[in-house]
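Here the structure is laid out as structure tokens; the discussion comes afterwards.
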Amino acid sequence: MEGSVISSYLPNKKLKVALTYNVKPEEKNFSDTTPLSPHEKSSETFNDTYAEWDTIETVNALRDALELFHDVTMIEANENAFESFKNARPDIVFNVAECANGISREAQIPAMLDMLQIPYTGSDPLTLTTCLDKARAKEVLSYHNIPTAKFLLIESLEDIANFSLKFPVMIKPVAEGSSKGIFNSSLVKNINELTERLSTNLEIYNQPFLVEEYLPGREFTVALIGNNSDTEVLPIVEINLHELPKELAPIYSYEAKWIADTRENPLNIFSCPANIDKALYEKIENIALRTYKVLRCKDWSRVDVRLDADGEPNIIEVNPLPGILPDPKDNSCFPKAARMHGLSYEEMINKVLLIAAKRYNLL
Ligand SMILES: Nc1ncnc2c1ncn2[C@@H]1O[C@H](COP(=O)(O)OP(=O)(O)OP(=O)(O)O)[C@@H](O)[C@H]1O
Ligand SMILES: [Mg+2]
5 MEGSVISSYL PNKKLKVALT YNVKPEEKNF SDTTPLSPHE KSSETFNDTY
55 AEWDTIETVN ALRDALELFH DVTMIEANEN AFESFKNARP DIVFNVAECA
105 NGISREAQIP AMLDMLQIPY TGSDPLTLTT CLDKARAKEV LSYHNIPTAK
155 FLLIESLEDI ANFSLKFPVM IKPVAEGSSK GIFNSSLVKN INELTERLST
205 NLEIYNQPFL VEEYLPGREF TVALIGNNSD TEVLPIVEIN LHELPKELAP
255 IYSYEAKWIA DTRENPLNIF SCPANIDKAL YEKIENIALR TYKVLRCKDW
305 SRVDVRLDAD GEPNIIEVNP LPGILPDPKD NSCFPKAARM HGLSYEEMIN
355 KVLLIAAKRY NLL
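Residue numbers for the sequence shown follow this note's numbering, so the first one is 5 and each next one is one higher.
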């Protein structure tokens, strides 16, 4: 691309880039694009199976951005991916694949690429899997004295006997993203609700549940790009939970993300940069950077933060494969923060690629 758009991120070399991805199946199989009002349907009837996968629009936008400078091959993240990488032998892979099976799913493509010694963008298998398991990630954070809500991992209903947290609590599947399994009903007020919801949800999601103390304060998300001392914290985004319809709990749930907030009826759900005083702003930047470092994130990630009852920032979770919807009309935090930082979508994507390429000494 000519001129100003990407001038500061011009690579000095055309690379063979493979884009690896999973695309959502036909939208008729799930309902996240239907602009229903939240009370038209009960939350449990929403099918969130593919909530984490990308839309074809996102994958096309990524390809178009990379093609501005590089030769791009598309490799779908499926059982044939290993052979495809072996045959294509790209210089580097732009990885946004979430894959489908098991706790190692986000790590599967990076592990293949490590075996083939092919460079790729983003975090390594260990970081991807640790962050996917929110309980493990919280244990690492606690070791490093980074505040995160108290929690209990529930593998079966008997584990409720060990419950000693303060209500209200949030219940979430231990290893999901994009608010999969996090509904309005995930905010739980007493032991009866807890038992009832866990008994249904353990079965539906077929994985342990995290029960954690509810952080009642404001919510933020922090996009980071870079490595080591060159890591940049992009402008902090606040999630304006008070913008949600009154009947929804103040959490960024599946209903909030995908049903109450649509292209047709957008909510004013983000403020960027967050309107907070300098001291709090710096505290949030600092906790996000420390989190990025201790979890050994590479190239880019998004860190979710919420204030506790004392106004102290706590880490909710870390997303080493952040959501990146390309259309500014869709509310997507990472591209929003990048735009506020002066980066177009194309610049953001090419910047991540170059940072990764530099990490592998390709440039
Ligand atoms: N302990 C907590 N206290 C208060 N709110 C919480 C807590 N845990 C989660 N939430 C709310 O639920 C939302 C979703 O939780 P979380 O970020 O863990 O899910 P996710 O599906 O991994 O999100 P993402 O879309 O960022 O991948 C948060 O944005 C927040 O609003
Ligand atoms: Mg989150």
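By construction, the Cβ of each residue, glycine as well, lies at the ideal position given by its N, Cα and C atoms.
Remember, it's a predicted structure, so these values are computed and weren't measured experimentally.
Membership of Y209 in any beta strand (DSSP E) is not indicated; the residue belongs instead to the alpha helix (DSSP H) covering I195 to Y209. Around the beta carbon of S233, a 10 Å sphere encloses fewer than 16 other beta carbons of the protein chains shown; the residue is thus reported as exposed. For L219, the shortest separation between its Cβ and any heavy atom of ligand 1 lies below 7 Å.
By the beta-carbon neighbour count (other beta carbons within 10 angstroms, threshold 16), H148 is exposed. Put simply, of L367, C337 and D68 the residue whose alpha carbon is nearest the alpha carbon of V241 is C337. Linking Y364 to V97 through their CA atoms gives a straight-line distance of about 12 Å. V298 carries a helical assignment under DSSP once its states are collapsed to helix, strand and coil. Annotated three-state conformation of T235 is coil, per DSSP. Around A341, the same chain offers A227, L238, P239, V241 and C276 as residues with beta carbons nearer than 7 Å, after the five sequence neighbours per side are excluded.
In this structure, Y349 sits near P330, with a CB-CB distance shorter than 8 Å. Within the model, the alpha-carbon separation for V21 versus A361 is close to 10 Å.
Under DSSP, T77 takes part in a beta bridge, and its partners are A22.
Note that the region 122-134 touches the region 296-306; at least 3 beta-carbon pairs, one per stretch, sit closer than 8 Å. In this structure, L120 and F89 form a Cβ contact; the two beta carbons are roughly 6 Å apart against a cut-off of 8 Å. D75 places its beta carbon less than 8 Å from that of K18. With contacts defined by Cβ atoms closer than 8 Å, L202 and L161 form a contacting pair. Here S257 is buried: its Cβ has 16 or more other Cβ atoms, across all protein chains shown, within 10 Å. Counting along the chain, no alpha helix (DSSP H) covers V178, and no H or E run does either. In the three-state reduction of the DSSP assignment, R343 falls in the helix class.
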